[in-house]
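Before any comments, here is the structure.
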Amino acid sequence: MRPVLLAILVLLVCAAPASAGEQLLTLYSPAIESLPYVHRSEFVTLKADGKQAPAQAGSILGFQEMALVDSKRPDAKPLPVDKMMVHHFLYYAGGRVDRGPGGCLGDGFIGGRGEEHPSGRFDSAWPAELRARYGIRNATPEGGAPEWSLMTMVMNHYKRPKRFYVRTKVWYTTEPRQQMYPLTIGNCAHLANGMSYDVPGGGAPGSTFVDRSQWTVPFSGRILGGGSHHHGGALNQTLRSVSCGRTLFDAKAYYGADDHPYNTIRPILHEPGPIANGTFRTLQGIPVTAGEVLEREAVHSNEELHIAAMGFWATYFVRDDSVAACAPMPSDLREVTVPAKYDQRAPYVFDRPVPQLFAPRGKWRAFDGKPIAIGDQWFKSPRLTTKVGEKITWQFQGSEPHSVSVANGPRGFSSNYLGVTRGSYSFTPTVPGTYKLTCLIHPTTMSQTVRVR
Ligand SMILES: [Cu+2]
């Protein structure tokens, strides 16, 4: 045999274990319809048929791509972010075996994409060495493949309804891997509000708002990585071990330069989010032991208001009973998705207020203390005057979900940001000024302005 050919063969044989049985599956959601300027959550089931979700029991090794396309042609380019912006995709495989503790998003959660991933590509987050060793077991107790489900929230900036598919490229194998547990570490008290909370703003220059929570590690093992999901005046988010007195991850929020689509897209429907949040990987893993207390801190700028802010960590754990308490940090921990270009101002200046896209009309009315009705495409008393200290209550009575949320004004507040059809929400202004309110679900057709003196 010729030496060159032999060398190639040796290389091929040596390279093989790194990708034993690995396949890259291209999967599509059913068609989903989106109306202009409306951000709405859609929940779809993905059948375990090899087209929507893997057909065979196996292991998920990583996600290469989560993208929006309007065609199933293999070379279809993802829809541009300034036309179809992805708020988030959340993938679940609820019927799989050995789901682990799961964390705030539940034990079915397997992965997701947030607004901090404008390209929808995750190649560097799932290196081949990691895929060769670890995977999320994707099998039912009967030995088949579970169906998946997908939650999508997208913002359609086309001026017409747009039909799209979510294309998912997933590294997959039917060969054995060590079990990897997806685990979301956040303040689960925010779950009822879709994991979001409001940053009131109005603070002095440089002031911050911190959302903090603790979590107790349920089993000994190693953390193979974590991605921060953080927006709403996001500055940085940390994950610390209180028990060992050390920082595990400190994730910076990266913002687009002035010419990034997130900053030039019009109309502004919500404040521009980060174009990346710190994401870390380590093949050795960060050692943690059962009972160890971790604490996350999401730090937000509190100079301006930020509605529907979020801060949590999406992490991946493996079990390992041999880990000693507070064993040394891994030498191979690294940040994997730093954007090539971003705004270098530190701290970032949040200077793009969200406009009230629909001007409220009608006579100014003085608040009489009675609940203010919110129905389909309307606020009762669109222009209202009141005084500091008077509690205002809004009553939801539409057939579609609505919210009452500050677009801009002296302080930020919001009812449930996904919208509700029943119940009420109250706010007592303590600061005078003009509060320009909107419905987050119908920002172009619904508004109310409240003048507080
Ligand atoms: Cu609405």
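Here our numbering = 1-based position in the sequence shown + 88.
Every residue, glycine too, gets a C-beta built ideally from N, C-alpha and C.
Can you give me the Cβ contacts of residue 293 inside the same chain, cut-off strictly under 7 Å, excluding the 5 residues immediately before and after it? By 1-based counting over the sequence shown, the position of residue 293 is 205. Within the same chain, residue 293 has close Cβ partners 391.
Which same chain residues, not among the five before or five after residue 528, have their C-beta less than 6 Å away from its C-beta? Looking up residue 528 in the sequence shown gives position 440. So the list reads 491, 493 and 505, once near-sequence residues are dropped.
Thinking C-beta only, is residue 473 closer than 8 Å to residue 454? Mapped onto the sequence shown, residue 454 falls at position 366. Mapped onto the sequence shown, residue 473 falls at position 385. Contact flag set, yes.
Expected contact under 8 Å - CB spacing of residue 427 and residue 536 to nearest Å: Sequence index remark: in the sequence shown, residue 427 carries index 339 (1-based). Sequence index remark: in the sequence shown, residue 536 carries index 448 (1-based). Approximately 38 Å separates the beta-carbon atoms of residue 427 and residue 536; this is outside 8 Å, ruling out the contact.
Measuring alpha carbon to alpha carbon, tell me which of 276, 480, 513 and 511 ends up nearest residue 539. For the purposes of this step, residue 539 is taken as the residue at position 451 of the sequence shown. Measuring C-alpha to C-alpha distances from residue 539 to each of 276, 480, 513 and 511 identifies 480 as the nearest.
Endpoints, alpha helix (DSSP H) assigned at residue 125: Taking the first residue of the sequence shown as position 1, residue 125 is located at position 37. Taken as a continuous stretch (DSSP letters only), residue 125 belongs to no alpha helix (DSSP H), as it is neither H nor E.
Is the beta carbon of residue 393 less than 8 Å from the beta carbon of residue 289? Reading the sequence shown from its first residue, position 305 is the one you call residue 393. Reading the sequence shown from its first residue, position 201 is the one you call residue 289. Closer than 8 Å, so yes.
Let me know the beta strand (DSSP E) ranges lying completely inside the stretch 467-519, each 3 residues or longer, listed in chain order. 471-474, 480-484, 493-496 and 512-515
Of the choices 425, 185, 307 and 468, whose alpha-carbon is the least far from that of residue 408? For this step, residue 408 is matched to residue 320 along the sequence shown. For residue 408, the nearest C-alpha among the options comes from 307.
Evaluate residue 160 with the Cβ neighbour count: other Cβ atoms within 10 Å of its Cβ, from every protein chain shown; 16 or more gives buried, anything less gives exposed. Mapped onto the sequence shown, residue 160 falls at position 72. That one is exposed.
For residue 230, three-class secondary structure by DSSP: Taking the sequence shown and counting its residues from 1, one reaches residue 230 at position 142. The answer is coil: DSSP assigns residue 230 none of H, G, I, E or B.
Should residue 305 and residue 379 be called a contact, given that it needs their Cβ atoms to be closer than 8 Å? As a position in the sequence shown, residue 305 is number 217, starting the count at 1. As a position in the sequence shown, residue 379 is number 291, starting the count at 1. A contact, by the Cβ cut-off of 8 Å.
Go ahead and pull the three-state DSSP assignment for residue 161. To locate residue 161, count along the sequence shown from 1; it is residue 73. The answer is coil: DSSP assigns residue 161 none of H, G, I, E or B.
Please confirm if the stretch 227-236 is in contact with the stretch 181-199, defined as three or more CB-CB distances below 8 Å between the two stretches. yes
Proximity below 8 Å, CB of residue 299 to CB of residue 182: Taking the sequence shown and counting its residues from 1, the one referred to as residue 299 is at position 211. Taking the sequence shown and counting its residues from 1, the one referred to as residue 182 is at position 94. Contact: no.
Where does residue 335 fall in DSSP's three states? For the purposes of this step, residue 335 is taken as the residue at position 247 of the sequence shown. In this structure, DSSP gives residue 335 an extended state, which the three-state scheme calls strand.
Determine the extent of the beta strand (DSSP E) in which residue 407 is found, giving its start and end residues. Taking the sequence shown and counting its residues from 1, one reaches residue 407 at position 319. Run containing residue 407: 394-407, per the beta strand (DSSP E) assignment.
Relative to the C-alpha of residue 519, which candidate in 206, 138, 158 and 501 has its C-alpha closest? Residue numbering aside, residue 519 sits at position 431 when the sequence shown is read from its first letter. For residue 519, the nearest C-alpha among the options comes from 501.
Report the rounded CA-to-CA distance for residue 371 versus residue 463, giving the unit in angstroms. Walking along the sequence shown from the start, residue 371 turns up at place 283. Walking along the sequence shown from the start, residue 463 turns up at place 375. So the two alpha carbons sit approximately 53 Å from each other.
Close-in-space but distant-in-sequence residues of the same chain around residue 483 (CB under 6 Å, 5 per side omitted): As a first step, residue 483 is located in the sequence shown; it is residue number 395 there, counting from the start. Contacts found: 459, 461 and 512.
Decide yes or no for the touch test of the stretch 262-274 against the stretch 340-348: beta carbon pairs closer than 8 Å, at least 3 of them. In short, these stretches do not touch, since the Cβ pair count stays below three.
Could you give the first and the last residue of the continuous alpha helix (DSSP H) run that contains residue 349? Here residue 349 corresponds to residue number 261 of the sequence shown, with the count starting at 1. Per DSSP, residue 349 belongs to the alpha helix (DSSP H) from 349-352.
Counting pairs of Cβ atoms below 8 Å between the stretch 309-320 and the stretch 197-205, do you hit three or more? yes
What does the Cβ neighbour count give for residue 163, buried or exposed, with the cut at 16 atoms within 10 Å? For this step, residue 163 is matched to residue 75 along the sequence shown. Exposed.
Step through the CB atoms of chain D and report whether any lies within less than 8 Å of the CB of residue 222. The question asks about chain D, but that chain is absent: this structure has only one protein chain.
Here's the rule I'm using: 16 or more other beta-carbon atoms within 10 Å means buried, otherwise exposed. How should residue 141 be labelled? Looking up residue 141 in the sequence shown gives position 53. Buried, since its Cβ has 16 or more Cβ neighbours within 10 Å.
According to DSSP, is residue 178 helix, strand or coil? The residue given as residue 178 occupies position 90 in the sequence shown. In the three-state scheme derived from DSSP, where H, G and I count as helix and E and B as strand, residue 178 is classed as strand.
Taking DSSP as the reference, what is the three-state secondary structure of residue 445? The residue labelled residue 445 in the question sits at position 357 within the sequence shown. Here residue 445 sits in coil by DSSP.
Look up residue 342 in the DSSP assignment and give the residues it is bridged to. For the purposes of this step, residue 342 is taken as residue 254 along the sequence shown, with counting starting at 1. For residue 342, which the question treats as bridged, DSSP gives the partners 364.
Close beta carbons around residue 99, own chain, < 6 Å, minus the five adjacent residues each side: One-based indexing of the sequence shown puts residue 99 at position 11. Note that residue 99 scores a pLDDT of 46, beneath 50, so its modelled location is shaky and nothing firm can be said.
Please name the residue in 497, 401 and 250 whose C-alpha comes closest to that of residue 444. As a working mapping, residue 444 is identified with position 356 in the sequence shown. Out of 497, 401 and 250, 497 has the C-alpha closest to the C-alpha of residue 444.
Close beta carbons around residue 223, own chain, < 7 Å, minus the five adjacent residues each side: For the purposes of this step, residue 223 is taken as the residue at position 135 of the sequence shown. 147, 148, 149, 261, 265 and 268.
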